[in-house]
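Visitor: As you go down the protein sequences, you meet chains A and B in turn. By the working numbering, the letter at position 71 of the first sequence is numbered 71, and the numbering carries on one by one without gaps. By the working numbering, the letter at position 143 of the second sequence is numbered 143, and the numbering carries on one by one without gaps. Every residue, glycine too, gets a C-beta built ideally from N, C-alpha and C.
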Amino acid sequence: MEPSAKPRLPRGVKLRHDDVRQRWTLLAPERIFEVDGTAAAVLHLCDGERDLAAIIAELANRYSAPPAVIEKDVVAMLSDLKAKRVLET
Amino acid sequence: MTPHAPPPAPPIGVLVELTHRCPLGCPHCSNPLKLERPAAELATETWKRVFSEAAALGALHVHLSGGEPTARRDIAELVRHAAECGLYTNLITSGVGVSETLWGELVEAGLDHAQLSFQGADEGTNDRLGHYDGAWAKKRAFAAMVTGAGLPLTVNAVVSRPNLHQVGAFIDLALELGARRLEVAHTQYYGWALRNRAALMPPRKETEEAIKLVEEARAKLKGKLVIDMVVPDYYARYPKPCAGGWGRLAINVSPSGKAMPCHAAETIPGLEFWNVRERPLAEIWRLSPAFNAFRGTDWMREPCRSCERREIDWGGCRCQALALAGDAAATDPACSKSPHHALIEATAAAEAAADAGAIRWRSYKEAVEV
């Protein structure tokens, strides 16, 4: 995934807090993905406006972590979701 | 389960058969032979209450099915209410009879996903198996409306002997129509499909070739098209975890409001189903005799009881155990550990080798005679 990619959830994919089970979920056609708090924070930034570089910078700042470490985790997570067709760039 | 037992984990999804009316006459339909009449269908307000209760109980997906769900005049109102409850709304449709106006209303109401059935991968096969001339063109037009609105489209292909050779063409069709997901469902023999089994059962060799083709395509198209497969029970080694386990993940509601662990559960004699007209969904989920009859693993006998897969496939399908082994508490004969497994393999082989025989098209008229 390129730093200029602008990830977003396509129509028909929804990040939603599951109040009954007290967790974040990604709802998609015939699929429910459990999402931990960190992943939910990443997905909230995937608004189609921010590019990958901006998302990583924001998270590095928020968690006071080296951008290289953040980048590795974020790219792995987003690439996985893209392969499952629940994220577009 | 007693009223004092801990409540079961909440369901993930609710499948509502809004109506048994349908313009198509597919012989592989899993609806019951005794289709419910339009006059028995739940009122709009009752369905809306069911959606509210389902969301409060913990359901995340609502699958709007049937019959043909868009045959309900209140379909857009029902979608809107379900969406307002926070449910992910999935329309399972033939695509026949959905006008541009109605489609616009559904999108505006908050529909999340459409699953469109095809009976064949070309016009002739599709219209013959769906028993509806002109269905092909209407389905393609519907697919274009879905993708045109930016909604995710699933193409659902139910395959059996008359169209199994088209699996590759179904994959091409899904790609051509811009579907995000393809479901290749080997026919499950319940309801009308069980009645038509001799005409629909494919040979094992062709079935295994079709599975291999799907698996190869799935790997090749990763990231482009999600392909799910419903496996053919009669040629399986292990049974499917029917409905994800009885009373574990899903609630099915019939047009008249009967709440069931699966759409075929009514075929099991002696089960007491509660109706959503009379009781809240949470009470039904927790306490109804039908949901507790085969919940968990306590009901199991051998070979299920000590099987390492008992919490993977949950004993398979209770309805199939009844239909093929004569006992709803038996191991699903689709399982190679079932003493009846050799018998269903032999039945499938014999039916697949014989002439197809006459098809009974799904209809109310036919239903009266059973």
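Short of 6 Å in beta carbon distance, which residues of its chain neighbour D36/A, apart from the five on each side in sequence? Order them along the chain.
Guide: none
Visitor: Give me the chain B residues within the contact set of A83/A, using Cβ-Cβ distance strictly less than 9 Å, ordered along the chain.
Guide: For A83/A, the neighbours in chain B by C-beta distance under 9 Å run, in chain order, K222 and G223.
Visitor: Residues of the stretch 25–36 of chain A with a CB closer than 9 Å to any CB of chain B: list them in chain order, please.
Guide: T25, L27, A28, P29, E30, R31 and I32
Visitor: Comparing C-alpha positions only, which one of V86/A, A41/A and C46/A sits nearest to A5/A?
Guide: C46/A
Visitor: Using 10 angstroms around the beta-carbon of A352/B, count the other beta-carbons present and answer buried if the total reaches 16, otherwise exposed.
Guide: buried
Visitor: Kindly say whether D112/B, judged by its beta-carbon, lies nearer than 8 Å to any beta-carbon of chain A.
Guide: Yes, its Cβ sits closer than 8 Å to a Cβ of chain A.
Visitor: From what residue to what residue does the beta strand (DSSP E) around I92/B run?
Guide: Y88 to T93
Visitor: Express the C-alpha separation of N163/B and H131/B in angstroms, rounding to a whole number.
Guide: 14 Å
Visitor: Let me confirm a value: N61/A is counted as buried when at least 16 other C-beta atoms fall within 10 Å, else exposed. Which label applies?
Guide: exposed
Visitor: How is the beta strand (DSSP E) around V107/B delimited, first residue to last?
Guide: Not the beta strand (DSSP E): V107/B falls in the alpha helix (DSSP H), residues E100 to A109.
Visitor: Could you give the DSSP three-state label for S52/B: helix, strand or coil?
Guide: helix
Visitor: Between the Cα of V158/B and those of P27/B, P239/B and I344/B, spot the shortest distance and give me the residue it belongs to.
Guide: Selection P27/B, P239/B and I344/B evaluated against V158/B yields P27/B as nearest (Cα-Cα).
Visitor: Got a sec? Which residues, its chain only, sit under 8 Å from L111/B by beta carbon, not counting five neighbours each side?
Guide: V79, A83, T89, L91 and L151
Visitor: Among the candidates I268/B, G257/B and E302/B, whose CA atom is the shortest distance from the CA of I284/B?
Guide: For I284/B, the closest alpha carbon among the candidates I268/B, G257/B and E302/B is that of G257/B.
Visitor: With DSSP as the reference, label N163/B as helix, strand or coil.
Guide: coil
Visitor: The alpha helix (DSSP H) with D73/A in it runs from where to where?
Guide: P67 to A83
Visitor: Does the CB of V226/B have a neighbour CB from chain A at under 8 Å?
Guide: yes
Visitor: Looking only at C-alpha atoms, which of G245/B, A141/B, M201/B and Q188/B sits nearest to P32/B?
Guide: Q188/B
Visitor: Please confirm whether I56/A and P67/A have their CB atoms less than 8 Å apart.
Guide: yes
Visitor: Take L175/B as the anchor and find which of K220/B, I268/B, R161/B and H81/B has the nearest alpha-carbon.
Guide: Of K220/B, I268/B, R161/B and H81/B, the residue nearest in Cα terms is K220/B.
Visitor: Tell me whether H44/A is buried or exposed, calling it buried when 16 or more other Cβ atoms sit within 10 Å of its Cβ.
Guide: exposed
Visitor: Kindly give me the distance between the Cβ atoms of L173/B and F118/B, rounded to whole angstroms, as I take these residues to be in contact under 8 Å.
Guide: 7 Å
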